[in-house]
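One structure is given here, and the rest of the page talks about it.
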């Protein structure tokens, strides 16, 4: 009789643990995974919408005007007659928005 009561108790405890683990996974998804996916989507959209003449800031802090766009690279005009070629993925969404909002 005691064995049956112990087995019944462990079943409900296991169900409670599964609900707790499921809740942790849901919280982890909404606070960690989903915002990161949204940020990556916004960054990709920003890079796809870059055009010649836009002001941009790289992740390294280099400010310049886009002189030319190629597949994966951008030619930045950083000063009169000074142009550098950077990877398109190195353009920072947040820094570029801050820079353009100041002007």
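Residue numbers (our numbering): 20 to 122.
Quick reminder that beta carbons are idealized off the backbone N, C-alpha and C, glycines included.
Euclidean distance between Cα positions of residue i and residue j
i	j	result
residue 103	residue 53	35 Å
residue 62	residue 71	18 Å
residue 66	residue 116	12 Å
Cβ neighbour criterion (16 or more within 10 Å) applied to residue i
i	result
residue 93	buried
residue 83	buried
residue 105	buried
Per-residue DSSP class, three states only, for residue i
i	result
residue 35	helix
residue 22	Unreliable positioning characterises residue 22 in this predicted model, as indicated by a pLDDT of 44, which lies under 50. A coordinate reading is not provided.
residue 84	strand
residue 53	helix
residue 129	Absent from the structure is residue 129, since the part of the chain shown begins at 20 and ends at 122.
So does the stretch 34–41 actually touch the stretch 70–83, counting three or more Cβ pairs closer than 8 Å? no
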